[in-house]
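Numbering (the working numbering), first residue to last: 1 to 427. First the structure, in the form of structure tokens, and then the observations on it.
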């Protein structure tokens, strides 16, 4: 029996009292009005494509409303460039949606805007989430965010361009030395972008963390303190500047280059290597690009971990209707529906049951490398209230570490100083 039903019955005591309370809480009694839940969601479709999230949600909501005729769900989908701002505007205006599917949550949790996950989901659904993802959704050891989709990153390389450059198309680079050597060979073969380095605003925090991890560093230490200007991170960005950017092996100015621009160029056969997530496979397949993937090359060998990225669903307290929100979320996360979503958008499931199903499906065999990395992936420190400010700072500043007049030490130290200030309890 679901946790919230147990709590409801226990609190009511008598059977008739429990029935009355259930009717009142759910709005399902005779003569009651329908409840309308508002969900603001991000779009997982490709720019200009016809496979956006609006169609996914429309189909899911139709099925839900057939089973729960007293609950309506109104979904508004925005691009990833706008969805966080739209939600913030609604909250500031006192019109928070019941649910938001976005990329950050710590600010809202710290201001007591959100329901705890334990207040919403049934026990079987809550227990099905992958532990690393459930942990990443916590603020001060309490889970407020429900993972919705995940991805890990691997090195993508163009097999055709490797062959043209005299490189083995079955052996991607295993360390930085091999990566630089391959990039030089690709440039000699007139490849426009030997190594794609997106340090522009769209993808800078992800590309930055991947390189930090491959150099033995990261954004934080084991107790959550920022370590952006660590010796390892400074050494990493010095190598990127001196070995890839200055010799013009990136083909473009990294600080002005976004991820999607490079994904499009890779699908056009113009990029030799870049870090990518599973959705790039779909785009490259449609363009009939011959490509391979491999683990991220590190300073002295293959990197043991990789970047993991999760998107989240959060439930705001102000609009009420906690019971109905929980009912809808339980429906969303049942295995067949969550697996269908992940399959449609070439993303990684966030539940154990759907992950197992994807791993066993022959048609998803090329996703197994990404799936195998998820449990050990390193996630952004999204549980830190300061992370949204730090992430924005990285987007603005990190490109200067490899392509401007400043040194990597100066740029990283500046970001570190501002991160510590933002993370101060007095703020």
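Virtual Cβ for every residue (Gly too), placed ideally from N, Cα, C.
Contacts around residue i, its chain only, beta-carbon distance under 8 Å, and the 5 residues preceding and following it disregarded
i, result
"residue 368", "359"
"residue 204", "198, 394, 395, 398, 399"
"residue 188", "165"
"residue 303", "213, 214, 295, 296, 297"
"residue 112", "317"
"residue 42", "53, 77, 78, 79, 80, 83, 101, 102, 103, 311"
Alpha-carbon spacing of residue i relative to residue j, whole angstroms
i, j, result
"residue 268", "residue 179", "21 Å"
"residue 337", "residue 209", "31 Å"
"residue 58", "residue 39", "12 Å"
"residue 219", "residue 211", "11 Å"
"residue 84", "residue 166", "45 Å"
"residue 382", "residue 133", "11 Å"
"residue 432", "residue 291", "Residue 432 falls outside the range modelled here, since the chain spans only 1 to 427, and no answer is possible."
"residue 244", "residue 184", "9 Å"
"residue 172", "residue 157", "7 Å"
"residue 294", "residue 366", "11 Å"
"residue 311", "residue 217", "23 Å"
"residue 35", "residue 324", "8 Å"
"residue 52", "residue 340", "14 Å"
"residue 256", "residue 80", "19 Å"
"residue 437", "residue 228", "Look at the range of the chain in this structure, 1 to 427, and you will see that residue 437 is not part of it."
"residue 231", "residue 408", "11 Å"
"residue 226", "residue 415", "10 Å"
"residue 418", "residue 238", "21 Å"
"residue 159", "residue 74", "45 Å"
"residue 384", "residue 106", "6 Å"
"residue 186", "residue 62", "50 Å"
Residue i, enclosing alpha helix (DSSP H) - first and last residue
i, result
"residue 413", "408 to 422"
"residue 186", "176 to 188"
"residue 157", "Note, residue 157: premise wrong, no alpha helix (DSSP H); beta strand (DSSP E) at 154 to 158."
"residue 133", "131 to 136"
"residue 72", "Not the alpha helix (DSSP H): residue 72 falls in the beta strand (DSSP E), residues 71 to 78."
"residue 102", "Note, residue 102: premise wrong, no alpha helix (DSSP H); beta strand (DSSP E) at 99 to 102."
"residue 105", "Note, residue 105: premise wrong, no alpha helix (DSSP H); not H, not E."
Own chain partners of residue i with C-beta closer than 7 Å, once the 5 adjacent residues on each side are dropped
i, result
"residue 454", "Because the chain spans 1 through 427 in this model, residue 454 falls outside it and cannot be assessed."
"residue 422", "386, 389, 390"
"residue 344", "56"
"residue 86", "40, 78"
"residue 88", "none"
"residue 432", "Nothing can be reported for residue 432, as the shown portion of the chain is limited to 1 through 427."
Beta-carbon proximity list for residue i, same chain, < 6 Å, skipping 5 on both sides
i, result
"residue 191", "161, 272"
"residue 114", "108, 144, 314"
"residue 379", "136, 308"
"residue 332", "none"
"residue 196", "262, 271, 274"
"residue 413", "229"
"residue 182", "167, 173"
"residue 299", "176, 215"
Distance CB(residue i)-CB(residue j) smaller than 8 Å
i, j, result
"residue 297", "residue 199", "no"
"residue 276", "residue 263", "yes"
"residue 152", "residue 377", "yes"
"residue 461", "residue 347", "Past the edges of the chain, shown from 1 to 427, lies residue 461, and the structure says nothing about it."
"residue 175", "residue 301", "yes"
"residue 128", "residue 353", "yes"
"residue 96", "residue 288", "no"
"residue 355", "residue 349", "yes"
"residue 241", "residue 117", "no"
"residue 321", "residue 99", "no"
"residue 259", "residue 202", "yes"
"residue 351", "residue 130", "yes"
"residue 254", "residue 370", "no"
Extent of the continuous beta strand (DSSP E) to which residue i belongs
i, result
"residue 311", "307 to 315"
"residue 333", "First-last for residue 333: undefined, no H or E at that position."
"residue 194", "193 to 196"
"residue 37", "35 to 42"
"residue 231", "Taken as a continuous stretch (DSSP letters only), residue 231 belongs to no beta strand (DSSP E), being part of the alpha helix (DSSP H) at 231 to 239."
"residue 293", "291 to 294"
"residue 55", "From DSSP, residue 55 is part of no beta strand (DSSP E) but of the alpha helix (DSSP H) over 53 to 67."
"residue 224", "Taken as a continuous stretch (DSSP letters only), residue 224 belongs to no beta strand (DSSP E), as it is neither H nor E."
"residue 402", "No beta strand (DSSP E) contains residue 402, which is instead part of the alpha helix (DSSP H) from 400 to 403."
"residue 271", "271 to 276"
CB contact check: residue i to chain D, cutoff 8 Å
i, result
"residue 360", "Among the protein chains of the structure shown there is no chain D, as only one such chain exists."
Practice item. Report yes or no: do the stretch 66 to 76 and the stretch 326 to 333 share at least 3 C-beta pairs separated by less than 8 Å? Key: yes
Practice item. Determine contact between the stretch 289 to 307 and the stretch 135 to 148, defined as no fewer than three beta-carbon pairs at a distance below 8 Å. Key: no
**Study point:** Inter-stretch contact (C-beta, 8 Å, three-pair minimum) for the stretch 135 to 142 and the stretch 237 to 254
**Key:** The count of Cβ pairs closer than 8 Å, one atom from the stretch 135 to 142 and one from the stretch 237 to 254, stays below three, leaving the stretches out of contact.
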